[in-house]
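Peer 1: Protein chains in written order, with my numbering: chain A, 1 to 631; chain B, 632 to 805; chain C, 806 to 930. All C-beta atoms, glycine included, are put in the ideal place defined by N, C-alpha and C. Note that the structure is a prediction, hence the values are computed from the model and not measured.
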Amino acid sequence: MLVDLSHFLSVLSTTLFLLTSTLVLVLDCNKKHSSILIKRAFSHAFILLFFSFAIYVYLAATDDFSVVYISQHSNSMLPTFYKVTSIWSAHEGSMFLWILFLSAWGFVFNLNKDSNLKIKNFAIGIVSIIIVGFQLFLLITSNPFETNLPFSPANGADINPVLQDPALAIHPPFLYLGYVGFVIPFAYGLAFLLNGNAGINWEKVVRSWSVSAWIFLTIGICLGSWWAYYELGWGGYWFWDPVENVALMPWLAATAFVHSLSVASKSKSLRIWTLLLSIIVFSLSLFGAFIVRSGIIDSIHSFANDPQRGMYLLVFIGIILFSSLWLFTSRFDLLTSKTKIKSFSKESFISLNNIFFGVLIFATMMGITYPLIYELAYDQKISVGAPFYNAIYAPVTVLASIILIISIESKWGRSFKKIQKFNQLNLSLALSLVAAISLYFYANNGSVIIYISAFVGFLLLIRYLILLVFNTFQKKHINISSMLAHMGLGMLILSVSANSIFSSERVFNMYPNDIKTYRNISISFDDLQLINNSNHDSIRAVFKVVDSNGKSSLLYPEKRKYFVRGQITSETAIKATPLKDIYITIGDQLDNKSWVVNVQLNYFIRYVWLSAIMMALSGLIIVISSYRSKS
Amino acid sequence: MKQILKILVFLVPFCIFAFFYTYLSKDNSYPGADYRVFEIPSFALTELYTETELSNEDLSGNFLINVWASWCITCRVEHGFLEKLSNNGIRIVGLNYKDERSDAIDWLKKYRDPYELVIHDFNGSLALDMGVTGAPETFLISNGKVIAHYRGEVNQMIWEDVFIRVIKDSEIIL
Amino acid sequence: MIKIALSFLFIFSTNLYSEAYYEFDDIENEARFYNLIKEIRCPKCTSGSLASSNAPVSEDLKKAISQMIADGKSDTEIKNYISDRFGKDTLYDTPVEPNTYVLWYSPFIFLILCLIVFFIRERAK
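(1) Decide if residue 689 of chain B is buried, meaning its Cβ has at least 16 other Cβ atoms within 10 Å, or exposed.
(2) Under 9 Å, CB to CB, which of the residues in the stretch 750-769 of chain B have a partner in chain C?
(3) Does the structure place the stretch 742-754 of chain B close enough to the stretch 784-801 of chain B that three or more beta carbon pairs sit under 8 Å?
(4) According to the neighbour-count rule (16 or more other Cβ atoms, all chains shown, within 10 Å of its Cβ), is residue 118 of chain A buried or exposed?
(5) Can you name the start and end residues of the beta strand (DSSP E) that residue 769 of chain B belongs to?
(6) Since residue 596 of chain A meets chain C, which of its residues come closer than 9 Å, beta carbon to beta carbon?
(7) Would the beta-carbon of residue 247 of chain A fall within 8 Å of that of residue 281 of chain A?
(8) Taking Cβ positions only, does residue 654 of chain B come closer than 8 Å to chain A?
(9) What three-state label does DSSP hand residue 293 of chain A in the structure shown?
(10) Flag residue 823 of chain C as yes if its beta-carbon sits less than 8 Å from any beta-carbon of chain A, otherwise no.
(11) Output needed in chain order: residues of the stretch 878-897 of chain C with a Cβ under 8 Å from some Cβ in chain A.
(12) Taking 7 Å as the cut-off, is the C-beta of residue 293 of chain A nearer than that to any heavy atom in the ligand SAM?
(13) Closer than 8 Å by beta-carbon distance: list the chain C residues that pair up with residue 665 of chain B, in chain order.
(14) Give the range of the beta strand (DSSP E) segment to which residue 728 of chain B is assigned.
(15) Using CA coordinates, which residue listed in A:430, A:606 and A:541 is at the minimum distance from residue 498 of chain A?
(16) Between residue 917 of chain C and chain B, is there a C-beta pair that is closer than 8 Å?
(17) Starting from the beta carbon of residue 672 of chain B, find every residue of chain A whose beta carbon is closer than 7 Å, and list them in chain order.
(18) Less than 8 Å between CB atoms is the rule here; does residue 849 of chain C satisfy it with respect to chain B?
(19) Should residue 81 of chain A go down as buried or exposed, given a rule of 16 or more other Cβ atoms within 10 Å for buried?
(20) With DSSP collapsed to three states, give me the class of residue 699 of chain B.
(21) If I follow the unbroken alpha helix (DSSP H) through residue 760 of chain B, where does it start and stop?
(22) What's the gap between the Cα of residue 823 of chain C and the Cα of residue 590 of chain A?
(23) Can you confirm whether residue 908 of chain C, when its beta carbon is compared against all beta carbons of chain A, has any partner nearer than 8 Å?
(24) Helix, strand or coil: how does DSSP classify residue 510 of chain A here?
(25) Anything in chain B within Cβ reach of residue 869 of chain C, meaning under 8 Å, just list it in chain order.
(26) Measuring only between beta-carbons, confirm whether residue 797 of chain B sits less than 8 Å from chain A.
(27) With which residues is residue 693 of chain B paired in a DSSP beta bridge?
(28) Could you tell me the distance, in whole angstroms, from the CA atom of residue 479 of chain A to the CA atom of residue 114 of chain A?
(29) Do residue 507 of chain A and residue 827 of chain C have their beta-carbon atoms positioned less than 8 Å apart in this structure?
(30) Is the stretch 349-363 of chain A touching the stretch 219-237 of chain A, taking contact as three or more C-beta pairs under 8 Å?
(31) State yes or no: is the beta carbon of residue 644 of chain B nearer than 8 Å to at least one beta carbon in chain A?
(32) Output yes if chain B places a C-beta closer than 8 Å to the C-beta of residue 819 of chain C; else output no.
(33) Quick one: using the 10 Å Cβ neighbour count with 16 as the cut-off for buried, is residue 273 of chain A buried or exposed?
(34) Based on DSSP bridge pairs, tell me the residues matched to residue 525 of chain A.
(35) So residue 920 of chain C contacts chain A; which residues on that side make the cut at Cβ distance below 9 Å?
(36) Between residue 277 of chain A and residue 260 of chain A, how many whole angstroms is the CB-CB distance? I'm expecting something under 8 Å.
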């Protein structure tokens, strides 16, 4: 049976990873031949795991329902693409993918040439041990290889129709690649501590690896937000759901980390922060896995799991975290720098920045755990949602952005006393103020803090644009990635604010052939069709929408009924224009045969995701330029 | 300064871990149970069979209110246990939730009627006022007040762990 | 001029509201409705607001909320109505009360403490 082969390969790879870490312990890691041995052991372990997963993919694609997990999450009526992606739609399979990616990062990193053989081997050893821990977790508590034999169901249970979506299918892989990618700086940083030579610039080695992982995490979170927007039907793009928050925390820590890395790799300062952050980022990734899989948090995202698995993960993560923290505190002196950071230098601004990120992480952690604390203390349930997170994120982001603007002219290694480019800053401030105030008078809707945020968003965009223009004309150096990323931040702040200010919605009662007008847009209910598909039936409405500038388009919202589970879903229809999205969903049909039609106008929402893309691109620039400078 | 950082670096994660460990080890008693006490909201509905008007004044003493409907599959499962309670002399008032009168009457004919009387709440207005999210749900009433509310099917285990406990604690006689 | 435009909007919009599924007598009340349903948790769902849920009890609550707005109830009264019946955890807008001071104020205290430490160290240089 193929599933047994897959299982066997996984077990074999576990023993090989264990062997790798043993080799690291017993061999002299300085020697080249030890290095070759360790490298080979790790590579072979990875290849075995890869084939194990590949066979599993084959089993899913060919409807092998004798495998319990595949029978629970896939169905022969699914398109092949979704049969494969159903592997990571629940706990056991997604854990398998997680482990595959963990070892894949290790494998690629292993191929890298590194003059520091000892540190590299230690790092591989640490990665191996972590992989073994997760593999044992998988094989013992969450075995994806269990079979239904001697019975084999004729067909599987259908997966939740809401999961049959391309964006949702690739959202977990991107996210996982991001989360587990941080094992590289984590392991390498610890290996550096173990090795004990303060002269080694480990930060420079891990920089492009960390930025790559950060890029994946950014895109993964962006995909999740975009998917939620067009699929879930209520027009929101971020809900502050606990599981969204546990993805956000590692991202915040990772952003702080890559900033610290740029400092530490250039000058030898901020090393303590940087190493601590590498531990924090990876720990938060693991913490996220724990929260989602332990069943502790109520969320539509969480995998249905038992506290026992949660306990295993908690203890495992505890061991990783506390042993790395112990190493960190005991080798503290390795990290202290001789040179103090000058006040108002770029380094000092970046360390101030770390405080802002720290506060956001703290607040998010507080928001996630407070309902649990409250329940334990007062035996009552409360919820923590958008109002709390907005109240914290808005002022902190505004403050951090202002500090960022001030820091633009700061220099590496020396303080600035006076803001040199007075003209540029003045011009930016003036333009942004004009923009923000015009916005206020035009919209006349929303609280003051939103307009302050919009002002800061404008300021970030305009300041960097002006910097770009001036520096191009004066033929001065421009740090493109920093500019792009921070403009991305400005874009994010501005579009979130504008979306909040301008968006609106209304629910209508419409009969076929009705025409309604909403905010200068005409919406006519042109047709109602009945469509049969392979795994669902659908009622599809046709709406003709004529925008205020006269352009007309057709929108096709649907109500679908899926056969296997009898689930009814609503498919949204969206018309994207440069300024806004026209977003229609149909609700129930009332007794009088009219339909409930929900029309939303979501302004500037595409720019939220554009900002994520800008940030991801800025990371790509860093990775490419560092690759170029190496070769 | 360094000493403080070193201590903090261990203390903060330790607190978080200790908390989650405690939380995971805690025995999670029934999430569907709610013990908040509140007055039965005033209502003006009709009886299921006779269509006579009913209001709060028609309900007195200690009894259960069971929210059910003919479209609710779990209610069929729960029905056998309700019959047993009713046979043991426990008064159960039915709250027929978002159901056609004829469907409900047919259902009771088919499966037998364990209820002392049945309130027909076609729009679910009383149900909404009582915090009902679906069927089946069961309320324990004493002197015009709700003293226990369970969301979900009541069986022997839940009856003992949730309701009997409250009955004993408040020393009422059902 | 502005007054004329605004009154035109008002007349125009009153017509629209009566054809809308949820009936409101002005734009502010309509906006209140949509804000409320985003901040009230669906009592039946694992997580999610009333806005994102089409469960029967969510639909009933939305109708009840639009009715309460039309009856002139304030946001606080509406939230109290729902939390009294369905539990305090239906409010995503966590109340600021002694039991939740830790939640609301600790991030700011943490920020201030960190900034104080940072600037003390800067001074020391």
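Peer 2: Result, derived from the coordinates:
(1) exposed
(2) 754, 755, 756, 758, 759, 760, 761, 762, 763, 764 and 765
(3) no
(4) buried
(5) 768-773
(6) 826
(7) no
(8) yes
(9) helix
(10) Confidence in residue 823 of chain C is poor, its pLDDT being 46 and thus under 50, which makes the residue's placement unreliable; the coordinate value appears in the next sentence. No, residue 823 of chain C lies away from the interface with chain A (no Cβ there is under 8 Å from its Cβ).
(11) 892, 893, 894, 895, 896 and 897
(12) For the structure depicted, the ligand SAM is absent and the ligand set is empty, with no information on it obtainable.
(13) 892
(14) 723-728
(15) A:606
(16) no
(17) By Cβ distance, chain A contributes nothing, its closest Cβ being about 22 Å from residue 672 of chain B, past 7 Å.
(18) yes
(19) exposed
(20) strand
(21) 756-760
(22) Bear in mind that the predicted position of residue 823 of chain C carries a pLDDT of just 46, short of 50, making it too unreliable to give a figure here.
(23) yes
(24) strand
(25) 759
(26) no
(27) B:773
(28) 27 Å
(29) yes
(30) no
(31) yes
(32) Here residue 819 of chain C scores only 39 on pLDDT, less than 50, and its place in the model should not be relied on; the value that follows carries that caveat. No, because no Cβ of chain B sits closer than 8 Å to the Cβ of residue 819 of chain C.
(33) buried
(34) A:543
(35) 352 and 355
(36) 6 Å
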